[in-house]
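Following: one structure in structure tokens, then a few remarks.
Residue numbers (our numbering), protein chains in the order written: chain L, 1 to 436; chain S, 1 to 436.
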């Protein structure tokens, strides 16, 4: 891990000739801070914030937009340790609002027990919850764990995974009946029976897992949120919103549905070109094709021309066909590609913003040596270097330039919160569907 | 101002031979963290937190107790600047709960415009509120300010004081009709007419000012809070609660009511002696006599024997007779003195803990070169050096010793929150009395 950025070296260098429009957007956001915060307050009165979330942003200098919203965020270990108190305070807020009676929390992590980075995230989350005054135990979905099992972290700490026990409508581990289940598992493999029909709080709800969640639904909600917000700020919503379309009934292996994908790729490229012309942007538009359900950067490709979709070779089709846990890709999101023009020592960087309750609690840059500015930086098997934000996203400096570090971080926090608000509305829809 | 304490030099040295009992209390608090936080969550469901508050603590090594709770806290400028994000997040929480519709806040500070330290506090508060996304203007009660007036701070910043305008049941400054009035003025001089019968939010309510507030009422509520808390932790409530009694109908100048004070001094000294014997504490008990209403360390004296009260000379009686704004002392609090055995470079130090909403957001040590361990350290005309806490009070380290810095800070935060909870109940009583 890189050392956290410092005031002396606060943010990746924004490598773009187009420095005009983004500072303009940042200026707008900065000037509108009271209106923005007032608007958010109103929104959070109407919509319950997800327990936590992280948002991948892309900053092209002319556009600042979320490209992925994770409702079961890993990577809490990558945050600046100085922000731990912010995480603790936000967790206390969340618990107070959602389940003030909670004393005990059962954390259910992903089942990859050999990924040191992920295990460190579990340890970081456990620390945050304990500091917030909760009793925390970790229950695993791994069937091979039949007794409490210590797993050593690289730094010498231990975390203990325990087998889950289902008792009527309660999920427990030995001698511990928690008030609340905190999922840090995105349920890519489906909703396990032990998690069904519980009378405990399950956060986020199982309906937010990838069995039922769809990126296209998330971005549809994001559209609505952005349109309201753009109206408030009098900005072109495109400046913070990537175009997208969705194709169902896809089978990459059998070459089914490729025409749908190619058609939308073509449409979206045309729309981006029009926007680039409007803003005088001299870059080649690109589109990202990715699985509509699923995560971990699997099943993702960068496309610059519709013909590429029709000419996928066997290997490429295989890669696109399955995501995590072998889930087959049947639906696809075709999304406007947003360049990342931020870089750290020549390597492409993208900001990831973390929230607990509706508070921004930190973030980091994903820094990639081997990937381009038009590629997904959250790819499997590729080791990104996390660069922790040196300042939180809540302390803009009105005396400084709009693109000064605290102000850029504030803009990141605003856009990330728009995505979180979309996720809140999305979870409402998913939960309503699950109970109907 | 001293530099903030650092991890290398984290807390004042606790100078006491009696290192046994306090680490024991700290250990108890640390072990009980989940129970404590759960209990506080329940309390804050039932009682609305004051908007903000600061609590003066005294730590004698065998006793850790609040001696004063300020509902209009100055000194935000003394907090560690690294905790600004915590202040901002807590302010957002407070606004959301109390008045989510608020956009504009009118801050009403104390009227001493020549006290640079206080003006820096006003600037710090303004920054916190602005970072939380509010529009802030500062309205003054000073009649001589009839037009917006810039006042320069020592660091070159400006704050602008504006004359108040009363318009029907609204309090405004020119062109600004705020949703909320934030009082940073303790109303020692009484409740001015402009603040009466407003239909805006006034926080804290005017009933919390010194016209109606009494320390004895606060500590009566604190008694109740501590008894519940001590039950939860199975500790002797005396360990965190100073004994007190109250005398009314006092007139120091006319030597009226001195018998009452002397009587209670004698009683309390006897009770302290019994407690010191029980715990094997080899120190001379002392008592603090102070005005039951009022602040700024005026009208306070340290007494070791009841006879001292009867033998006050003319000068001493004059000193005790009036507090801030010439308010005459008619009621007196007789309070168990708590030694401060914390010291910084041989100077006596006492911790002051700051809260916004019900969250601890930082604190500092008041460090005095010229005052003893049995004296009030918040005295007029005496310049204390503030030493900012280097860590917030929300991140105890369960792997460290109970008296390690983060754990001592956590204990401070717990005791301070008990005092804040007492203040919440006190404000309920005061508000009910004001509207009945």
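Note that the Cβ used here is the ideal one computed from N, Cα and C, for glycine as well.
Asked                                                                                                                                     : Found
Distance CB(residue 242 of chain S)-CB(residue 338 of chain S) smaller than 8 Å                                                           : yes
Distance between residue 386 of chain S and residue 364 of chain S (C-alpha atoms, nearest Å)                                             : 6 Å
Residue 86 of chain L beta carbon less than 8 Å from that of residue 137 of chain L                                                       : no
Close Cβ partners of residue 75 of chain S (< 6 Å) along its chain, the five nearest in sequence each way excluded                        : 121
Backbone CA spacing between residue 200 of chain S and residue 39 of chain L [nearest angstrom]                                           : 20 Å
Those residues which DSSP pairs with residue 290 of chain S across a bridge                                                               : S:300 and S:333
Rounded straight-line distance, which links the Cα of residue 156 of chain S to that of residue 182 of chain S                            : 25 Å
Straight-line gap, residue 67 of chain L to residue 132 of chain L (C-alpha atoms, nearest Å)                                             : 31 Å
For residue 179 of chain L and residue 198 of chain L, the rounded distance between their alpha carbons                                   : 11 Å
Beta carbon proximity, residue 88 of chain S to chain L, threshold 8 Å                                                                    : yes
Rounded Cβ spacing between residue 93 of chain L and residue 357 of chain L (contact assumed at less than 8 Å)                            : 5 Å
Under 8 Å between C-beta atoms of residue 171 of chain L and residue 151 of chain L                                                       : no
CB contact below 8 Å: residue 328 of chain S versus chain L                                                                               : no
Where residue 380 of chain L sits in the DSSP three-state scheme                                                                          : Here the model assigns residue 380 of chain L a pLDDT of 49, short of 50, so the residue's position is not dependable and the matter cannot be decided.
Cut-off 7 Å between Cβ atoms - residues of its own chain near residue 18 of chain L, not counting five sequence neighbours on either side : Residue placement at residue 18 of chain L is poorly supported in this model, since its pLDDT is 37, which falls under 50; the coordinates are not used for a value here.
Span separating the alpha-carbon of residue 245 of chain L from that of residue 26 of chain L                                             : 28 Å
Any chain S beta carbon closer than 8 Å to residue 84 of chain L                                                                          : yes
Through-space distance from residue 426 of chain S to residue 415 of chain S, alpha-carbon basis                                          : 17 Å
Separation of residue 413 of chain L from residue 393 of chain L, as counted between CA atoms                                             : 5 Å
Start and end residues, beta strand (DSSP E) containing residue 39 of chain S                                                             : Run containing residue 39 of chain S: none in the beta strand (DSSP E); it sits in the alpha helix (DSSP H), 33-46.
Min CB distance residue 42 of chain L to chain S below 8 Å                                                                                : yes
is_contact[residue 445 of chain S, chain L] using C-beta, thresh 8 Å                                                                      : Any answer about residue 445 of chain S is impossible in this case: the structure gives chain S only from 1 up to 436.
Chain S contact for residue 38 of chain L (CB, 8 Å cutoff)                                                                                : yes
Chain L within 8 Å of residue 45 of chain S, Cβ atoms only                                                                                : yes
Between the CA atoms of residue 166 of chain S and residue 127 of chain S - distance to the nearest angstrom                              : 26 Å
Residue 30 of chain S burial status per 10 Å Cβ neighbour count (16 or more: buried)                                                      : buried
Span separating the alpha-carbon of residue 418 of chain S from that of residue 401 of chain L                                            : 43 Å
Extent of the continuous alpha helix (DSSP H) run through residue 417 of chain S                                                          : 405-435
Any C-beta of chain B under 8 Å from that of residue 132 of chain S                                                                       : Of the protein chains in this structure, namely L and S, none is chain B.
Own chain partners of residue 104 of chain S with C-beta closer than 8 Å, once the 5 adjacent residues on each side are dropped           : 134, 135, 136, 137, 176, 177, 178, 179 and 180
Any chain L beta carbon closer than 8 Å to residue 436 of chain S                                                                         : no
CB contact check: residue 217 of chain S to chain L, cutoff 8 Å                                                                           : no
Boundaries (first-last residue) of the alpha helix (DSSP H) holding residue 127 of chain S                                                : 116-131
Helix, strand or coil at residue 258 of chain S [DSSP, three-state]                                                                       : helix
Straight-line gap, residue 299 of chain L to residue 255 of chain L (C-alpha atoms, nearest Å)                                            : 15 Å
Burial state of residue 381 of chain L, where buried means 16 or more other Cβ atoms lie within 10 Å                                      : At residue 381 of chain L, the pLDDT of 46 sits below 50, so the modelled position is not reliable and the matter cannot be decided from this model.
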